[in-house]
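Asker: Please find one structure pasted underneath; my questions will follow.
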Amino acid sequence: MAENCCYKDVLPFSAMVAVECTNVVLNILFKAASLRGLSYYAFNVYSYALSTLLLLPLAFTIFLRTTELPTFKLSVLYRILLLGVLGSVAQVCGYKGIEYSSATLASAISNLTPAFTFILALIFRFLPFFLMFH
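Position 42 of the sequence shown, counted from 1, bears residue number 42 in the UniProt record's numbering, the numbering being contiguous throughout.
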């Protein structure tokens, strides 16, 4: 019983650490590749292609185990496309910034994401304001 509880507590933290390490590695790889003349558009395409090759089989193995799939509506497709476009634009802007500065600065700025998320949650009232006073 304690092992299951520990697993549920450690898994989100482990996933967060893995994502941050992946972002740092991508920033360092991009800086090294851009110094040798690789375009940030090409690096973006290569990184998306590699992630598709790695994650697509994983998604099929997970969804094949379930017997009933959720309904797929057109609004969900629009949201997925919007997130994809926004993510791609953000990545291109980030890589362009790394081209002008260093990968260390990009990694340090990415650590501000939780603070920005907290501020946006307060602005858009996703987080109740009275939590700050407890």
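Glycine residues also receive a C-beta, built at the ideal position from the N, C-alpha and C atoms. Since we're looking at a predicted model, the values are computed, not measured.
Locate the alpha helix (DSSP H) running through Gly84, then write down its first and last residues.
Answerer: Here the alpha helix (DSSP H) through Gly84 covers 74 to 100.
Asker: Which whole-angstrom value describes the C-beta separation of Asn23 and Tyr95, a residue pair presumed to lie in contact below a C-beta threshold of 8 Å?
Answerer: Not quite, the Cβ-Cβ distance comes to about 12 Å (not below 8 Å), so this is no contact.
Asker: Are Ile119 and Ala106 close, meaning C-beta to C-beta below 7 Å?
Answerer: Against a cut-off of 7 Å, the Cβ pair of Ala106 and Ile119 comes out as no contact.
Asker: According to DSSP, simplified to helix, strand and coil, what is Arg65?
Answerer: The answer is helix: DSSP assigns Arg65 an H, G or I state.
Asker: For a quick check, are the C-beta atoms of Ala103 and Lys31 less than 7 Å apart?
Answerer: Yes.
Asker: Taking the C-alpha atoms as reference points, what is the distance between residue 208 and Thr113?
Answerer: Residue 208 falls outside the range modelled here, since the chain spans only 1 to 134, and no answer is possible.
Asker: Comparing alpha-carbon positions, which option in Val92, Phe13, Ser75 lies nearest Ser39?
Answerer: Ranking Val92, Phe13, Ser75 by Cα distance to Ser39 puts Val92 first.
Asker: DSSP on Pro12, reduced to helix/strand/coil?
Answerer: Here Pro12 sits in helix by DSSP.
Asker: For the putative contact between Ser47 and Leu26, defined by C-beta atoms under 8 Å, what is the C-beta separation to the nearest angstrom?
Answerer: Right, their Cβ atoms sit about 6 Å apart.
Asker: Locate the alpha helix (DSSP H) running through Pro128, then write down its first and last residues.
Answerer: Note, Pro128: premise wrong, no alpha helix (DSSP H); not H, not E.
Asker: Ordered along the chain, which non-local residues of its own chain (more than five positions away) have a Cβ less than 8 Å from that of Ala33?
Answerer: If we look at Ala33 and ignore the five residues flanking it on each side, its Cβ neighbours are Phe43.
Asker: Under three-state DSSP, which class holds Ser107?
Answerer: In the structure shown, Ser107 sits in a helix (DSSP, three-state: H, G or I).
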